[in-house]
Amino acid sequence: MGRVANLVLVRIAVAIAILSFAIGSLFAWSLAAERNASESLAIIVNVSNTLDSVSQDELRRIFLGERSHWANGRRITLVMMEPGRPERKALLHDVCQMNETDYSHRILHGLFTGELFVSPKTLASPMGVRKFVFNVPGAIGYVRAVDVDETVKVLRVDGRLPEAKDYPLHIEQRTMK
């Protein structure tokens, strides 16, 4: 009877191991799918900038040109990705709460009325945005969190860094059909 009991225990252990692996794989797949559904958008500034954190409301005022200087008096220089980029769409939607057309009209109106003195610098690539922010002490821009490197400083948004699960800025992924 001891040999049969051992065989049963081994089979139960194998079944538990297989079930544990299947559940773990399903959980990992679920997390990967969730991560792929949405990527974080990092707000970056020059490493010399003393600012560490910004609220979404402050960020909105900055990207709408309503705030033109940092606390140290240095002029804020906006750098945006070109229209149509998912990163730009995410910033306009999550931060500015408007679409591309509304944002363009707002910037043009501000330039025409004198409320804005300079339009945002527009660049085509994350590398270009990073280089610009690295070279311009008053610059602020955005890239995917995976495109950040040590040449720039990532700001906390509402106290959270991009890797936090409740970070507020995300780039929605388009699924291929």
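Per the working numbering, residue -1 is the first one in the sequence shown, and the count goes up by one each step.
Beta carbons: idealized from backbone N, C-alpha and C, even for Gly.
**Message:** Output needed for Gly136: all residues of its chain with C-beta closer than 6 Å, excluding positions within five of it in sequence on either side, in chain order.
**Reply:** Arg72, Arg73, Ile74 and Thr75
**Prompt:** Once you ignore the five residues that flank Glu113 on each side, which residues in its own chain have a CB closer than 8 Å to its CB?
**Reply:** Gly63 and His107
**Request:** Quick one: give me the first and last residue of the alpha helix (DSSP H) that Leu109 is part of.
**Result:** Glu98 to Thr111
**Asked** Using a Cβ-Cβ cut-off of 7 Å (strictly less than) and excluding sequence neighbours within five positions of Ser66, which residues of its own chain qualify?
**Response** Arg73 and Ile74
**Message:** Here's the rule: buried if 16 or more other CB atoms are within 10 angstroms of the residue's CB, otherwise exposed. What is Met79?
**Reply:** buried
**Message:** What does DSSP give as the partner residue(s) for Lys129 in the beta ladder?
**Reply:** The partner list for Lys129 (beta bridge, DSSP) is empty, contrary to what the question assumes.
**Asked** Do Glu37 and Arg104 have their C-beta atoms closer together than 9 Å?
**Response** no
**Start-to-end residues for the alpha helix (DSSP H) that takes in Glu56** = Gln54 to Phe61
**Request:** Within the same chain, show all residues whose beta-carbon is closer than 6 Å to that of Leu53, passing over the 5 residues directly before and after it, in chain order.
**Result:** Note on identity: in this sequence residue 53 is Ser, with Leu being the wrong assignment. For Ser53, where only same-chain residues beyond five positions count, the Cβ hits under 6 Å are Asp156.
**Message:** Taking the straight line between their C-alpha atoms, what separation do you get for Thr149 and Asn70?
**Reply:** 21 Å
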